[in-house]
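Sequence lines, in order, name chains A and B. Residue numbering for the first sequence follows this note's numbering, starting at -19 and increasing by one per position. Residue numbering for the second sequence follows this note's numbering, starting at -19 and increasing by one per position. By construction, the Cβ of each residue, glycine as well, lies at the ideal position given by its N, Cα and C atoms. Quantities reported herein were computed from a predicted structural model and do not represent experimental measurements.
There are 2 protein chains.
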Amino acid sequence: MTPDPASAPARTWSRRRVLQAGAGALTGAGLGWSAAAVALPVEDSTDRTDRTPGALPGARVVEFHGPHQAGVSTPPPAHLSLLGLDLRRGVGAAGLARLMRLLSDDAARLTRGRPALADTEPELAFTPAALTVTFGFGPRIFDEILGGAVDGAKPLPPFATDALEKQWRQTDLAVQICADDPTTVAHARRMLLKDATGLARPRWIQNGFRDAYGMRPDGTTMRNLMGQVDGTANPAATDPDFAELVWSRRPGLTGGTFLVLRRIRVELETWDQVDRAGREAAVGRRLDNGAPLTGRDEHDVPDFAATDALGLPVIDPASHIARARSANPAQRFLRRGYNYCVPDPSRPTGEDSGLVFVAFAADVERQFVPVQRRLAELDRLNQWITTIGSAVYAVPPGCAEGEFVGQALLGMRR
Amino acid sequence: MTPDPASAPARTWSRRRVLQAGAGALTGAGLGWSAAAVALPVEDSTDRTDRTPGALPGARVVEFHGPHQAGVSTPPPAHLSLLGLDLRRGVGAAGLARLMRLLSDDAARLTRGRPALADTEPELAFTPAALTVTFGFGPRIFDEILGGAVDGAKPLPPFATDALEKQWRQTDLAVQICADDPTTVAHARRMLLKDATGLARPRWIQNGFRDAYGMRPDGTTMRNLMGQVDGTANPAATDPDFAELVWSRRPGLTGGTFLVLRRIRVELETWDQVDRAGREAAVGRRLDNGAPLTGRDEHDVPDFAATDALGLPVIDPASHIARARSANPAQRFLRRGYNYCVPDPSRPTGEDSGLVFVAFAADVERQFVPVQRRLAELDRLNQWITTIGSAVYAVPPGCAEGEFVGQALLGMRR
């Protein structure tokens, strides 16, 4: 096992300002102060990218340490690799702590553009390209390893539109790797998988992509493979309620969040048979710029009451945006999805396409479930999309230098 | 089927200068003049990228039309998708011509950042990101459809180190799609696959990656997933013998080339057990900067005669560079390979990694086969690499606006 390089935890967040709570918020001796650091609303660290003037985009470092894990509020780079792992039989709290110490150390180094300890291909580490590594704990960790001490990740209820495939099932752990360079992602993934292998077994790997760095104007919302602007109505990190929507305040998870993963297959073959007007009506937005059918620009607020000359609603009440939008502002969450497109010889054009839908919410039951229930009940898009994988993970708060992700949490077990 | 938009072929190469040969080189009426245009050595069009000042890198256009197909001498962008297709039963010369007219038209539009005809997701076409589409014809096209009229693609001889898997077998056609944006690649691939589907069936899709655009200093040689600098000894487009090494002068294929595809699996698990010195000895190059073990910089010429204090050769005669290098300068070719790394639950770390080795040569038998034969006989790297897929395609010369790739060739059939 890799030894911990810093025996005394360093008490600084590199490059970032942090508001510290009073000592009374400390949850226990020896747990460091990450829980304390997030006990008060913390200045959001959305853009934690190091921008040395003149440096190449490949040199961008997103700091791993902090009150929140990186890879949530940080801007999504081009490539995603999401790993689902199960702890090996007999691995308990001590083993999980060893694993998380090891993987956190790997992540801290790799995200800075430094080789992991005993990195077998150190030169592949030198281009961090905004690499982030984000860890999530599945329901079994809370039920069996923490003995119910922490109110953590819970399975989603079933939805009528799900057609879940066992290959994409819930796992004990999720590791979300994101960066703007595919070789960087491949190397980080391999180092993490290798270091995990003694204690955990990979069940699936879900790779995805968005726009490559610098290819489109800054601030362009990504498009999915259906051609739609996807992610317009997403809380911005600058929104006053961003912290409330995203960061948990539950004991043990304060400063953490929850990751909802849905693998959504898109039936592009039948979607492509629909004409442009039919597609726009199904979504409720224009295809060219993503504006709601009642508006002109992408970020115009949809007017669900607007009617046309015949008195019919301009935005179909069964359209995706009408069904997804709630009158209750608490029913929002942060989406950070990626397109997927993988070879599949069994399908007409030889590939399976869709979305690795990743959402973050402080409270899945309160924010995500009602929306998904409404969509499962009625959404014109359901004709072309099917959820084939589903999982939920609690994303523990971030850790300080010398600590590991989940350290405080594991100290709370019964 | 999509009608041809230009009934009279336009006789200009957009944005590029072309040396025209005399009319005597024309191969036949109605075949346009692409064959003529390449009957003389043509100024190499390696960098055919449109660089409008201030434009985003996503706006870069690599011109599709020209005496050579794009995607050979043009600099390799970040992403590769190589499609292997077989013509459907009963599709002959007329069907192949229809298919190539359709796909050439798609490619000409998409590479300019314009939607394909009847593009179902036109907005996904607006960021060409240096997109190239390159077409290759497999041996069966020459034997059965052209009736042996043209000396075209021939299968490679078997090599002792091959462990070919049927899933990666030779196909009738190859379509190489490259661009710096993964969404651009996905959209182009889907349009081409959809338009091909009536006449051809996809057998495999091989995706790969190199460094993302702008992440590393210009001129950095890519690294493969073994951590090696890969592609140092590659003829540069500015080399005086580049045209001779790459562009065919065979009747019907003048200005074309041959594509050798080898899917090379790397056994990273055992490679990672080898220490740094052992790895450098196996390759003959330093891992840190790719310099030969007798040199200091990546591009230093290896000194195979140099010996150490004990009188032993500094570069092992069984090392990869010693075995790959030939005293015969004609035994060189252009490599344009991409890393691959795909989920594979049957493998220890859950993924299968390697190289989609793509090479271009004017004469495969003369340039590639002797080198590969030597490597199959002895190469210390063979311990960790296995060729699991192999195919050869003739890449017809480029076409002019209003023509299609393979047009002159199909006019030559017996």
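Tell me which residues share the same chain as residue i and place their Cβ nearer than 7 Å to its Cβ, disregarding the 5 neighbours each side in the sequence.
i, result
"Leu390(A)", "Ala73, Leu76 and Ala77"
"Ala133(B)", "Phe117, Gly118, Pro119, Phe122, Phe238, Val372, Tyr373 and Ala374"
"Glu278(B)", "Thr201, Val209, Thr212, Asn269, Gly270 and Ala271"
"Asp288(B)", "Val294"
Just to confirm, are residue i and residue j a CB contact at a threshold of 7 Å?
i, j, result
"Ala380(B)", "Ser228(B)", "no"
"Val130(A)", "Gly232(A)", "yes"
"Ala87(B)", "Val113(B)", "yes"
"Gly378(A)", "Gln49(A)", "yes"
"Leu65(A)", "Leu144(A)", "no"
"Thr395(B)", "Leu111(B)", "In the structure displayed, chain B extends from -19 to 394; residue 395(B) sits before or after that span and is not available."
"Ala166(A)", "Val240(A)", "no"
"Thr54(B)", "Arg196(A)", "no"
"Gly264(B)", "Ala302(B)", "yes"
"Arg305(A)", "Pro215(A)", "no"
Does any residue of chain B bring its CB to less than 7 Å from the CB of residue i?
i, result
"Thr112(A)", "no"
"Met171(A)", "no"
"Asp296(A)", "no"
"Leu67(A)", "no"
"Glu103(A)", "yes"
"Ala96(A)", "no"
"Thr250(A)", "no"
"Ile244(A)", "no"
"Ile368(A)", "no"
"Lys174(A)", "yes"
"Gly38(A)", "yes"
"Ala166(A)", "yes"
"Thr329(A)", "yes"
"Ile185(A)", "yes"
Against chain A, does residue i count as a neighbour if the rule is that its beta carbon must be under 7 Å from one of theirs?
i, result
"Asp343(B)", "no"
"Leu153(B)", "no"
"Thr212(B)", "no"
"Asp160(B)", "yes"
"Lys146(B)", "no"
"Gly12(B)", "Reliability fails at Gly12(B), whose pLDDT of 29 lies under 50, so the model's placement of it is uncertain and no value is given."
"Arg196(B)", "yes"
"Pro182(B)", "yes"
"Gly258(B)", "no"
"Ile121(B)", "no"
"Phe189(B)", "yes"
"Pro323(B)", "yes"
According to DSSP, is residue i part of a helix, a strand, or is it coil?
i, result
"Trp184(B)", "strand"
"Thr250(A)", "helix"
"Asn362(B)", "helix"
"Asp86(B)", "helix"
"Glu383(A)", "coil"
"Leu172(B)", "helix"
"Asp66(B)", "strand"
"Arg483(A)", "Outside the displayed span of chain A (-19 to 394) sits residue 483(A), for which this structure offers no information."
"Thr278(B)", "Reading the sequence as shown, one finds Glu at residue 278(B) and not Thr. Here Glu278(B) sits in coil by DSSP."
"Ala133(B)", "coil"
"Val165(B)", "helix"
"Ile121(A)", "helix"
"Ile301(B)", "helix"
"Gly10(B)", "With a pLDDT of only 29 at Gly10(B), under the threshold of 50, the placement of this residue in the model should not be trusted, and no figure is reported."
"Thr91(A)", "helix"
"Gly391(B)", "coil"
Please go through the same chain and pick out, in chain order, the residues whose beta-carbon is closer than 6 Å to the beta-carbon of residue i, but skip the five residues on each side of it.
i, result
"Ile406(A)", "Within the shown structure, residues of chain A are numbered from -19 to 394, placing residue 406(A) beyond reach of any answer."
"Arg360(B)", "Ala262, Ala298 and Ser299"
"Gly127(A)", "Arg393 and Arg394"
"Ile157(A)", "Ser61, Val113, Val165, Ala168 and Arg169"
"Pro37(A)", "Tyr193"
"Pro162(A)", "His59"
"Thr141(B)", "Ala356 and Asn362"
"Pro(-15)(B)", "In this prediction, Pro(-15)(B) scores a pLDDT of 36, lower than 50, which makes its location untrustworthy; the coordinate-derived value is nonetheless stated afterwards. Excluding residues within five positions, none has a Cβ falling inside 6 Å."
Once you ignore the five residues that flank residue i on each side, which residues in its own chain have a CB closer than 8 Å to its CB?
i, result
"Ala192(B)", "Ala58 and Asp160"
"Pro(-11)(B)", "Caution applies to Pro(-11)(B), whose pLDDT of 33 falls short of 50 and renders its modelled position unreliable; the value that the coordinates give is listed next. So the list reads Gly12, Ala380, Glu381, Gly382 and Glu383, once near-sequence residues are dropped."
"Met206(B)", "Val246, Leu248, Trp251, Arg259 and Trp364"
Please confirm if the stretch 56 to 71 of chain A is in contact with the stretch 250 to 268 of chain A, defined as three or more CB-CB distances below 8 Å between the two stretches. no
Okay, do the stretch 323 to 330 of chain A and the stretch 168 to 185 of chain B touch, 3+ Cβ pairs below 8 Å being the bar? yes
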